[in-house]
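J.:
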Amino acid sequence: MSVVAGVIAVQGDVSEHADAIKRAGDAKGESVEVREIRESGIVPDCDLLAMPGGESTTISRLVHSEGIADEIRGHVEAGKPLFATCAGLIVASSDAGDERVETLDLIDVTVERNAFGRQKDSFEAPLEVTGLADDEPFPAVFIRAPVIDDVGNAEVLASWDENPVAVRDGPVVGTSFHPELTPDGRVHELAFFENDGADVPTLE
Ligand code: GLN
Numbered sequence: 000m001s002v003v004a005g006v007i008a009v010q011g012d013v014s015e016h017a018d019a020i021k022r023a024g025d026a027k028g029e030s031v032e033v034r035e036i037r038e039s040g041i042v043p044d045c046d047l048l049a050m051p052g053g054e055s056t057t058i059s060r061l062v063h064s065e066g067i068a069d070e071i072r073g074h075v076e077a078g079k080p081l082f083a084t085c086a087g088l089i090v091a092s093s094d095a096g097d098e099r100v101e102t103l104d105l106i107d108v109t110v111e112r113n114a115f116g117r118q119k120d121s122f123e124a125p126l127e128v129t130g131l132a133d134d135e136p137f138p139a140v141f142i143r144a145p146v147i148d149d150v151g152n153a154e155v156l157a158s159w160d161e162n163p164v165a166v167r168d169g170p171v172v173g174t175s176f177h178p179e180l181t182p183d184g185r186v187h188e189l190a191f192f193e194n195d196g197a198d199v200p201t202l203e
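Per numbering that gives the first Met the number 0, the sequence shown starts with residue 0, numbered consecutively.
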């Protein structure tokens, strides 16, 4: 039986995520079938979900108008993994500080759009990420990335320049950067195949 992975495909870098998920599955000995999601009715069949980078205002508008938003929430409530990158992280956050983005409130963080690397729109940084398969730094590509300003009940997995850039909240992993744009599949492995949400600190 293969794992069914859905990539939210209303807008953004969809094929790169599909390829990265297949690579991560290969590394874990899992066969993965990828479905692109542009309408409601497909998410409930998916074991894993990725929400790509792109333009968060557009992704947010379309997941709501297509009836996909509630299905994504249901997926996470059922404890299934969601991996949200860059614009996807903005949409999955609890507060994007921009009324044009209706967030899904799935990762307890506040973000600020386009605030990372104001001077340089794009850059690459070697990151230490908690939970990767080995200790090699991860080559993180940042493109007009959001800053994570405030981390509520989420775990910080990586930081750059004193800002959190990778977080986990239960079955949801979010990154400000784009792991799907590098051949290194370790962050997808972490998000999808080693993510039981067990390490999430809880407030008591
Ligand atoms: N700047 C975009 C936004 O705010 C995100 C950029 C990206 O996903 N690479 O929506």
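Even glycine gets a Cβ: it sits at the ideal position worked out from N, Cα and C.
Who are the near neighbours of Thr-109 in its chain, counting only those whose CB is closer than 6 Å to its CB and skipping five residues on each side?
T.: If we look at Thr-109 and ignore the five residues flanking it on each side, its Cβ neighbours are Asp-94, Asp-148, Asp-149.
J.: Give a single yes or no on whether Ala-86 has its beta carbon closer than 7 Å to a heavy atom of the ligand GLN.
T.: Yes, since a heavy atom of the ligand GLN falls inside the 7 Å radius drawn around the Cβ of Ala-86.
J.: Going straight from the alpha carbon of Glu-101 to that of Asp-134, what length do you get?
T.: C-alpha separation (whole angstroms): 36 Å.
J.: With a cut-off of 8 Å, do at least 3 Cβ pairs link the region 38-51 to the region 120-134?
T.: The answer is no - the region 120-134 does not touch the region 38-51, with fewer than three Cβ pairs under 8 Å.
J.: On the DSSP bridge assignment, give the partners of Thr-174 in chain order.
T.: DSSP output for Thr-174 lists Thr-84, Ala-165 as bridge partner(s).
J.: Which residue wins for smallest C-alpha separation from Asp-120, given the options Leu-105, Thr-57, Phe-141?
T.: For the residues Leu-105, Thr-57, Phe-141, the minimum Cα distance to Asp-120 belongs to Phe-141.
J.: Report the rounded CA-to-CA distance for Ser-64 versus Glu-123, giving the unit in angstroms.
T.: Rounded to the nearest angstrom, the two C-alpha atoms are 34 Å apart.
J.: For Ala-23 and Gly-184, what's the separation of their Cα atoms in angstroms?
T.: Distance between the alpha carbons of Ala-23 and Gly-184: 5 Å.
J.: Thinking C-beta only, is Leu-103 closer than 8 Å to Met-60?
T.: Going by the sequence as given, residue 60 is Arg instead of Met. Not closer than 8 Å, so no.
J.: Tell me which residue opens and which closes the beta strand (DSSP E) that Ile-147 is part of.
T.: It spans 146-150 - the beta strand (DSSP E) in which Ile-147 sits, taken as one unbroken run.
J.: Which whole runs of the beta strand (DSSP E) in the region 57-127 are 3 residues long or more, in chain order?
T.: As far as the region 57-127 is concerned, its whole beta strand (DSSP E) runs of at least 3 residues are 81-84, 92-94, 106-111, 121-126.
J.: Just to confirm, does Pro-178 get its C-beta within under 7 Å of one of the non-hydrogen atoms of the ligand GLN?
T.: Pro-178 Cβ: outside cutoff for every heavy atom of the ligand GLN.
J.: Which same chain residues, not among the five before or five after Val-146, have their C-beta less than 6 Å away from its C-beta?
T.: The residues are Glu-111, Ala-114, Phe-115, Asn-162.
J.: Just the C-alpha distance for Gly-169 and Lys-79, rounded to the nearest angstrom, thanks.
T.: Using only the alpha carbons, I get a separation of about 9 Å.
J.: Examine the ligand GLN and report whether any of its heavy atoms sits within less than 7 Å of the Cβ of Arg-99.
T.: Not so, every heavy atom of the ligand GLN lies at least 7 Å from the Cβ.
J.: May I have the straight-line CA-CA distance separating Gly-28 from Glu-188, to the nearest angstrom?
T.: Each residue's Cα considered, the two are about 11 Å apart.
J.: Can you tell me which of the three DSSP states Ala-49 falls into?
T.: Of the three classes helix, strand and coil, the one that applies to Ala-49 here is strand, per DSSP.
J.: Hey, would you say the C-beta of Ser-39 is under 7 Å away from at least one heavy atom of the ligand GLN?
T.: Not so, every heavy atom of the ligand GLN lies at least 7 Å from the Cβ.
J.: Keeping to the same chain, check which residues put their C-beta closer than 6 Å to that of Asp-198; ignore five residues upstream and five downstream.
T.: Only weak support is given to the placement of Asp-198: the predicted model assigns it a pLDDT of 42, under 50, and the value that follows is read from those uncertain coordinates. For Asp-198, where only same-chain residues beyond five positions count, there are no Cβ hits under 6 Å.
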